Amino acid sequence: MSRNNAPTFKFRSELVFNDIVTFCENAVLLKDFAPKEIAILFYHIEPSDIKIIYEMSNPVCECGSKLHKHDLINWNMDKKYPIFKYRYICPKCKKTIITPLEPIVKKGCNYTEDIRVMTMNLYSKEHISYANATKFLNEAYNLNLSRQSTYNFNDKESEKYISKKEEKIQEKLNEKNIESTGFPGHDESFLTINGKKYAFLAMIDSNNQSIINDQIIPENEYRDFLETFIIYSQKDLSPYKDPNTLNPRHPLLLIDLKKNTLIGDELKEYPIIAKKANMNFHPCGFHIIMNQRKPVWKTQKRLEQKKQRNQNRINKNKEKIHEYYEKYKGQSPNFKNKDSRRKQKDKVIKMEKENRTLQKENSKIQKEIDQYENYNERISEIFNQETFKNAKLRYNILKNQIKHLPDEIAKFITKLGKDLDNTLSHIENENIPKTNNWLEIFFKIVFPKKYRKRFKTTQGVKRFLRNGKIKWYENIVLKTEIIPDKNDAWSKLSQKYGKNKLMTKT
Ligand SMILES: [Zn+2]
0 MSRNNAPTFK
10 FRSELVFNDI
20 VTFCENAVLL
30 KDFAPKEIAI
40 LFYHIEPSDI
50 KIIYEMSNPV
60 CECGSKLHKH
70 DLINWNMDKK
80 YPIFKYRYIC
90 PKCKKTIITP
100 LEPIVKKGCN
110 YTEDIRVMTM
120 NLYSKEHISY
130 ANATKFLNEA
140 YNLNLSRQST
150 YNFNDKESEK
160 YISKKEEKIQ
170 EKLNEKNIES
180 TGFPGHDESF
190 LTINGKKYAF
200 LAMIDSNNQS
210 IINDQIIPEN
220 EYRDFLETFI
230 IYSQKDLSPY
240 KDPNTLNPRH
250 PLLLIDLKKN
260 TLIGDELKEY
270 PIIAKKANMN
280 FHPCGFHIIM
290 NQRKPVWKTQ
300 KRLEQKKQRN
310 QNRINKNKEK
320 IHEYYEKYKG
330 QSPNFKNKDS
340 RRKQKDKVIK
350 MEKENRTLQK
360 ENSKIQKEID
370 QYENYNERIS
380 EIFNQETFKN
390 AKLRYNILKN
400 QIKHLPDEIA
410 KFITKLGKDL
420 DNTLSHIENE
430 NIPKTNNWLE
440 IFFKIVFPKK
450 YRKRFKTTQG
460 VKRFLRNGKI
470 KWYENIVLKT
480 EIIPDKNDAW
490 SKLSQKYGKN
500 KLMTKT
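The structure is reproduced here in structure tokens:
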């Protein structure tokens, strides 16, 4: 081969590769910043008697002397790849050091960081059994992990991983000035931990959906705890979250967040608590409408059933009448069957009369059902008005007819009148939502039903919920995925060599 054919330029990757890899007799040497995938590549393509060895890119001792290669340490990377590391010795202070491979792997570990991160990542998105997670990892990475290792990775590392994400989220919230606007919605959902019932309380800002506070508490204590939870959640609790504040003041002495209106369902405690917290209370329109509809639906169902029973009777009569006329079709009455035929004829006349009455009754029932429907719509309309004046007008029309309204409707109209201003406060204040729907969505995203009976420990639920809340911020509040800064071998490599140029002339 002629040297004249040598290329006049080199690919950037060729330069990088020359930096990373040194080929010598019976060994391929890799610099300590070479990603593990490069080691795996050589493991697959080199004969088995060729050793793949990591060496230090800057072999200098703490004391400043240049280190000497001393011997080889066998490192079973991911308990699968026989990779070696050089052990160095300082000629001056006689200290020894094995090629450190951060960020590929933590000191003293077999399994590399990417495997650990993948495990935590998996659990940050889905709660699956450790057996299944282990299967998944083993198949994806062609490994031989034990369930215990998978458990350990998640258990020991996820705290750091989740905290990093939470810190990032806090940064973004500060950047975008997302804080309590004073219109929190509150609701609770229920779960079991190891068979014991708990309530999961949550408070979400109705305008920007940020999580103001949340807590798990035994189910039988939560109603008594509501007041404390709601009032303390309106305080700036950040000193409690800051590890640098050693003795934060009693929560009641902390400053208040912005507060204006509490939104909640029909728990009787809410208006009382709101008053104590110096807030208005806005009951969720959806719950109000549902509570209005339920008794009406029950009545409507009863009427439908009555109507159906009448209809069945009518059909049965019709059948018998038809039978009679079929039987004597074309026959004139004769002496022999005169009596029984007259008897039957009398019955038919009676049935025809009954049917007319039942038909009449059924149209009346249908009218009643339709009337209930009409009232339902008129009640919904009150809530859907664009101005409070119009809503009140529509309310008053119903109220003026109260003596003529069906019981269920009259009862509701009277009850609504007791707190009309608060109930309709969403109409002219765009900060107040018509319903507490965000809380429903919150529980759906952060704690889906299928998980609510799955947990054995409080610690497990709490970690799961932290991941759920991260999801909430990613999908709903910030609308961007939160990725903690990476410090893996590949990002270090691209930092070192950049990505802006493809080729370099030589
Ligand atoms: Zn030294």
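Residue numbering for the sequence shown follows numbering that gives the first Met the number 0, starting at 0 and increasing by one per position.
Backbone N, C-alpha and C fix where the C-beta goes; we use that ideal spot for every residue, glycine too.
Only a predicted model underlies this, so the values are computations on that prediction, with no experimental measurement involved.
Please classify residue i: does DSSP put it in a helix, a strand, or coil?
i           : result
residue 29  : strand
residue 182 : coil
residue 250 : helix
residue 264 : coil
residue 505 : Below a pLDDT of 50, predicted positions are generally treated as unreliable, and residue 505, at 48, falls in that range; no measurement from the model is reported.
residue 368 : helix
residue 75  : strand
residue 378 : helix
residue 0   : With a pLDDT of only 45 at residue 0, under the threshold of 50, the placement of this residue in the model should not be trusted, and no figure is reported.
residue 162 : helix
residue 477 : coil
residue 173 : helix
residue 46  : coil
residue 484 : coil
residue 54  : strand
residue 255 : strand
residue 241 : coil
Given the structure, does residue i come close to ligand 1, in the sense that its CB is under 6 Å from one of the ligand's heavy atoms?
i           : result
residue 232 : no
residue 30  : no
residue 65  : no
residue 94  : yes
residue 68  : no
residue 91  : yes
residue 108 : no
residue 62  : yes
Once the 5 residues before and after residue i are set aside, which same chain residues still bring their CB inside 8 Å of it?
i           : result
residue 236 : 212, 250, 253
residue 416 : 394, 398
residue 1   : Here the model assigns residue 1 a pLDDT of 47, short of 50, so the residue's position is not dependable, and the following value carries that caveat. Here the set comprises nothing.
residue 150 : 129
residue 479 : 171, 473
residue 375 : 291, 292, 295
Do residue i and residue j have their C-beta atoms closer together than 7 Å?
i           : j           : result
residue 486 : residue 102 : yes
residue 199 : residue 215 : yes
residue 396 : residue 390 : no
residue 15  : residue 51  : no
residue 84  : residue 96  : no
residue 280 : residue 269 : yes
residue 62  : residue 108 : no
residue 202 : residue 153 : no
residue 98  : residue 31  : yes
residue 182 : residue 260 : yes
Less than 6 Å between C-beta atoms, sequence neighbours within five positions excluded: which residues of the same chain meet that for residue i?
i           : result
residue 313 : 354, 357
residue 82  : 38, 51, 74, 76
residue 365 : none
residue 476 : 208, 209
Cutting at 7 Å between CB atoms, please list the residues of its own chain near residue i, excluding the five before and the five after it.
i           : result
residue 291 : 378, 411
residue 137 : 143, 144
residue 42  : 51, 80
**Message:** Runs of 4 residues minimum, wholly inside the stretch 385 to 469: which ones carry the alpha helix (DSSP H) assignment?
**Reply:** As far as the stretch 385 to 469 is concerned, its whole alpha helix (DSSP H) runs of at least 4 residues are 387 to 399, 406 to 417, 419 to 422, 436 to 445.
**Every unbroken beta strand (DSSP E) inside the stretch 274 to 300 [3 residues or more]** = 279 to 282
**Item:** Length at least 3, wholly inside the stretch 178 to 236: the beta strand (DSSP E) runs in chain order
**Value:** 183 to 192, 195 to 204, 210 to 217
**Request:** At 3 residues or longer, and completely inside the stretch 81 to 157: list those beta strand (DSSP E) runs for me, N to C.
**Result:** 95 to 97
**Request:** Counting only runs of 3+ residues fully inside the stretch 306 to 336, write out the beta strand (DSSP E) ranges in chain order.
**Result:** none
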